[in-house]
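A.B. asks:
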Amino acid sequence: MAASSARRGTRKWAPLPSLVAADRPRVIIIGAGISGISTGKRLSEAGITDMLILEATSKIGGRIHKQSFADINIEIGANWVEGVNGKKINPIWPIVNSTLKLRNFRSDFNNLAQNVYKDGGLCDAAYVQKRIDLADEVDKSGENLSATLHPSGRDDMSILSMQRLNNHLPNGTSSPVDMVVDYFTYDYEFAEPPRVTSLQNTVPLPTFTDFGDDTYFVADQRGYESVVHYLAGQYLNADDQSGNIADARLKLNKVVREISYSSTGVTVKTEDNSTYQADYVMVSVSLGVLQSDLIQFKQQLPSWKILAIYQFDMTVYTKIFVKFPKKFWPEGKGREFFLYASTRRGYYGIWQEFEKQYPGANLILVTVTDEESRRIEQQPDNQTKAEIMEVLRSMFPDEDVPDATDILVPRWWSDRFFQGSFSNRPIGVSRYGYDQLRAPVGRVYFTGEHTSEHYNGYVHGAYLAGIDSAEILIDCAQKKMCKYNVRGKHD
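Spelled out as structure tokens, the structure:
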């Protein structure tokens, strides 16, 4: 190509990068999900208002994202406030329930034994209840064992190892009911199987221990992302008529590709060839993006930081919405959730109907995770729809199950701006790994749900992580306390 251009007497010049801000901001925040917005709010409260927020997409909210489907707005990302009605208040709950008054519904999983299907119809409820009771006993034994382990995580084990210690093997091919109950208990929450997931980080789960056992499904046409807009509106200017954020400090469609840092400041370059400089940068992109090559760090991050980023898992959690011309599934009290006990673990196993949330919409939701999510993302939606139809007709053989009229398959794993749904701590990673994820490298700071030691993977974890990381930056920028202590591996 170069030789051909020379023969034509032409020469290609790369456009010069434009230095956008003459008087540079104090802080650049990369990412306008709830962690980035929470960081900006806390910095503003501390008097650091000279900031710039660069968001790769056309909206704020990140993985809290509504989308129009079947003439209503549904949530393709975060959907629940998890951990409610306990001794401590989940910080997201008052915003959802009291301040914004978003429509929400308590999720009731108590009658699950009556709602487990196999090929050919319902499973025997008494048998299913016995298997659920056994799984609960094993899980309780896991809680007791977890409490005896060293807090550093050095003696940690996988959930599957704990199950084996209790002579419980729910993943055998001979017991589809055991497999789907196990999948519902663990994969549905953590998006990875028990053989991967850390016992100590998840059993008991701090979200429910601290904030309560209840979960509330947000089904408001304003979208769960209203929470992020509300937080942003606390310090960013909004348009008087539309209410949308209209602050020059927030720039959308700015894809960050390079972060350079030195002892005197940071330089951020975006895909549109713009360049921004600041004293500090707060990186609030997802763990999946950090693990990808989307953003290059110049100089390269130190090896301990790279290892911390790579050793955690970025999971895939896929909520597939399906619309039908009529209802054929059971409704009423205790019928919201139903399971499919397949001989193939994780194959269209977890279902939810929306009689209360979206009345008259004829929608159901099926959730898949991990390998099934990746498989489904790579195939056409009509193939996914065909698989779903086959499963539903097998579950409801006596019903007239019509063809679905529409389907929505989110693709979080394939999206270069997310590369997955949320983080999970796998076995073999000690607790101090969270300190390393959160720890700054010079003037480069990090936040996100993946940096939350106790609440990773949750909306409240992302929100609190933004505050925690902001405090670390404030200590350095205002108090000159720039040394961040990372605990030793076995402390």
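Numbering-wise (the UniProt record's numbering), the sequence shown opens with residue 1 and increments by one. Glycine residues also receive a C-beta, built at the ideal position from the N, C-alpha and C atoms. Note that the structure is a prediction, hence the values are computed from the model and not measured.
1. I believe Ile-60 touches Ile-37 by the beta-carbon criterion, under 8 Å. Please report the beta-carbon distance rounded to the nearest angstrom.
2. In terms of residue numbering, what span does the alpha helix (DSSP H) encompassing Thr-384 cover?
3. Look up Ile-30 in the DSSP assignment and say whether it is helix, strand or coil.
4. Taking the DSSP output, what are the residues bridged to Phe-321?
5. Could you spell out where the beta strand (DSSP E) holding Leu-54 opens and where it closes?
6. Measure the Cβ-Cβ separation of Leu-287 and Ile-309 and say whether it is below 8 Å.
7. Suppose you measure from the CA of residue 500 to the CA of Gly-212; what does that come to, to the nearest Å?
8. Hey, how far is the Cα of Val-486 from the Cα of Leu-464?
9. Alpha carbon to alpha carbon, how far is Pro-204 from Ser-274?
10. Provide the residue(s) that pair with Lys-118 in DSSP beta bridges, ordered along the chain.
11. Going by alpha carbons, who is nearest to Ala-113 out of Leu-231, Gly-349, Asp-124?
12. Sort Ser-430, Leu-122, Phe-69, Leu-54 by Cα distance to Arg-393 and report the nearest one.
13. Tell me whether the beta-carbon of Thr-270 lies closer than 8 Å to the beta-carbon of Ile-320.
14. Mapping DSSP to helix, strand and coil, what is Met-314?
15. I'd like to know if the stretch 43 to 55 and the stretch 466 to 477 are in contact, where contact means that at least 3 CB-CB pairs between them fall below 8 Å.
16. Determine the DSSP secondary structure at Leu-250, reduced to helix, strand or coil.
17. So, under 8 Å CB-CB, Phe-338 and Asn-167 are touching, yes? Tell me the CB distance rounded to an integer number of Å.
18. Helix, strand or coil for Val-228 per DSSP?
19. Measure the C-alpha to C-alpha separation of Glu-453 and Val-228 and round it to an integer number of angstroms.
20. On the DSSP letters alone, give me the boundaries of the beta strand (DSSP E) that Asp-214 sits inside.
21. Take Phe-217 as the anchor and find which of Pro-380, Trp-304, Leu-365, Ile-29 has the nearest alpha-carbon.
22. The alpha helix (DSSP H) with Ile-159 in it runs from where to where?
23. With a floor of 4 residues, list each alpha helix (DSSP H) that falls wholly inside the stretch 254 to 294, ordered by position along the chain.
24. Residues in its own chain within less than 7 Å of Lys-324 by CB, not counting five upstream and five downstream?
25. Nearest to Gly-83 by CA position, among Glu-355, Lys-479, Phe-208, Val-256, is which residue?
C.D. replies: Straight from the coordinates:
1. 6 Å
2. 381 to 395
3. strand
4. For Phe-321, DSSP records a beta bridge to Leu-365, Leu-408.
5. 51 to 54
6. yes
7. Here the chain has residues from 1 to 491 only, and residue 500 is not among them.
8. Rounded to the nearest angstrom, the two C-alpha atoms are 19 Å apart.
9. 47 Å
10. Gly-121
11. Looking at the Cα atoms, Asp-124 is the closest of the given residues.
12. Leu-122
13. Going by C-beta atoms, Thr-270 is not nearer than 8 Å to Ile-320.
14. strand
15. Contact between the stretch 43 to 55 and the stretch 466 to 477 is present: three or more C-beta pairs spanning the two stretches fall below 8 Å.
16. strand
17. 29 Å between Cβ atoms; not a contact.
18. helix
19. 22 Å
20. 214 to 218
21. Leu-365
22. Its alpha helix (DSSP H) spans residues 159 to 165.
23. Every alpha helix (DSSP H) of 4 residues or more that sits fully in the stretch 254 to 294 is shown, in chain order, as 287 to 290.
24. Checking the sequence shown, residue 324 turns out to be Phe, not Lys. Once the five neighbours on either side are set aside, the close Cβ partners of Phe-324 are Asn-362, Pro-402, Ala-404, Thr-405.
25. Phe-208
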